[in-house]
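Take 9 as the starting number for the sequence shown in the working numbering and just add one per residue. Glycine residues also receive a C-beta, built at the ideal position from the N, C-alpha and C atoms. Since we're looking at a predicted model, the values are computed, not measured. Notes to accompany the following structure.
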Amino acid sequence: MSNLETRPTERTCTAGDRPTGVELLTAREVPLGGPRAMTVRRTIPQRQRSLVGAWCFCDHYGPDDVSSSVGMQVPPHPHIGLQTVSWLFAGEILHRDSVGSLQTVRPGELNLMTAGLGISHSEESPAEGRPPSLHGVQLWTVLPESDRHAEPHFEHHGDLPVATTGGARVQVFMGALGVAGERLASPARTYTPLVGAQLDLPVGGSVTLETDPTFEHALLVDAGDATLEGEVVPPAGLGYVAPGRDRLVVTAGASPVRAVLIGGEPFTEDVVMWWNFVGRTHDDVALARADWMAQVADDPSTGSGASGEATPTRYAAGAAARRFGEVHGYASGPLRAPVLPDVRLRPRTRP
9 MSNLETRPTE RTCTAGDRPT GVELLTAREV PLGGPRAMTV RRTIPQRQRS LVGAWCFCDH
69 YGPDDVSSSV GMQVPPHPHI GLQTVSWLFA GEILHRDSVG SLQTVRPGEL NLMTAGLGIS
129 HSEESPAEGR PPSLHGVQLW TVLPESDRHA EPHFEHHGDL PVATTGGARV QVFMGALGVA
189 GERLASPART YTPLVGAQLD LPVGGSVTLE TDPTFEHALL VDAGDATLEG EVVPPAGLGY
249 VAPGRDRLVV TAGASPVRAV LIGGEPFTED VVMWWNFVGR THDDVALARA DWMAQVADDP
309 STGSGASGEA TPTRYAAGAA ARRFGEVHGY ASGPLRAPVL PDVRLRPRTR P
């Protein structure tokens, strides 16, 4: 998914301080796009904490009724230096990208796109036969310096490991996690040590997760009466715990819980994240923007867009052979990049 904010804020991502208990992060609502904006609840990045391991972006959306609307419509847009992780609780999303992928993702399946040096993609609700509700999370992970210029590629995984214990269900979509003495390992490719998993607990249920003590972790609660290590984490909230724990206990109270656990070794590189780009310097981001805009041209046949929307665009000549390639089959042209801030984007000095 693109960050469709028309005035994206510069985000300098650092590991941050390490609290001893459970730190609660509150989501902010972000409208993506113009008048028909889709609203998401974003917990990272934010000033309080911008990274959990290599996880640098967490958008939580739905449930949205898409039975009588166009649903999700994210035109072609670029990425560098990251992986996009698409995970659904309900509904379907059709992914297209510039390396030729065409893949629908459904609940319990993973769409994973590695941007590397540069890729572009679109996401949309299928035009026909789609479920009436759309509900899920969109996550990004930072690629380390050693891999951030890798060739872009895409993976789809429809058979991911699951464990059940005491009525609780755990499905791991990234990395590995221990549950009831069993190690669940996703086949998805990762570039830093990390984990991502969905947890479903019945009323009064509890699950003990066997975790890597070198990891920091966070629990995003989608629904239900949840506690993490005895601390309440409300729906749409993110409960963070620092490294040093070899187990985490999640419990459900008077209502069933659905949540997503993310974690990983603290990411030690300072990175600059702006719009859909993750780089190390202002110049990385500025070059990526310039390269993308060189592939995009105003569409003279349509004129300016409505207030709050990007000017309608088309691909410029030769776009398919350039850095971000070309997405085929989406109904409209690619997104224009927002204007860069008037000041240089600078990594924050680590405390």
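In this structure, the straight-line span from the alpha carbon of R49 to that of Y69 is close to 6 angstroms. Using a Cβ-Cβ distance cut-off of 8 angstroms, the segment 321-328 and the segment 278-291 are not in contact, since fewer than three pairs of beta carbons, one from each stretch, lie closer than that value.
Judged by their CB atoms, G89 and D292 are nearer to each other than the 9 angstroms cut-off. In the structure shown, H290 adopts helical secondary structure according to DSSP, grouped into three states.
Secondary structure at L125: coil, using DSSP grouped into helix, strand and coil.
Counting only residues of its own chain and dropping the five nearest sequence neighbours on each side, A231 has a CB closer than 6 angstroms to the CB of P243, R266.
In chain order, D208 place their CB closer than 6 angstroms to the CB of R177, counting only its own chain and leaving out the 5 sequence neighbours on each side. Linking T34 to V229 through their CA atoms gives a straight-line distance of about 11 angstroms.
Taking the CA atoms as reference points, G337 sits about 15 angstroms from E136.
Within a 10 Å sphere around the beta-carbon of V347 sit fewer than 16 other beta-carbons, which makes this residue exposed. By the 16-neighbour rule on beta-carbons within 10 angstroms, L110 is exposed. Just so you know, the alpha carbons of L217 and G271 end up roughly 12 angstroms apart. Assignment of beta strand (DSSP E) within the segment 151-201, counting only whole runs of 3 or more residues, yields 161-165, 170-173, 176-187, 190-193 in chain order.
Within its own chain, the residues whose Cβ lies closer than 7 angstroms to the Cβ of N119, once the five positions on either side in sequence are excluded, are S94, H103, Q111, V113, H164, listed in chain order. In this structure, V304 and T321 form a Cβ contact; the two beta carbons are roughly 5 angstroms apart against a cut-off of 8 angstroms. Taking one beta carbon from each stretch, the segment 53-68 and the segment 244-258 have 3 or more pairs nearer than 8 angstroms; the two touch.
Contact check for V203 against G183 passes: the beta carbons are separated by less than 9 angstroms.
DSSP lists I52, L147 as the beta-bridge partner residues of C66. The C-alpha of I127 is placed about 6 angstroms away from the C-alpha of P86. A straight line joining the alpha-carbon of P355 with that of F275 spans about 14 angstroms.
By a beta-carbon distance limit of 8 angstroms, L236 contacts V30. Their separation comes to about 6 angstroms. Inter-residue distance for P308 and W300 is about 19 angstroms (C-alpha atoms, whole angstroms). In the displayed model, D299 falls within a helix according to three-state DSSP.
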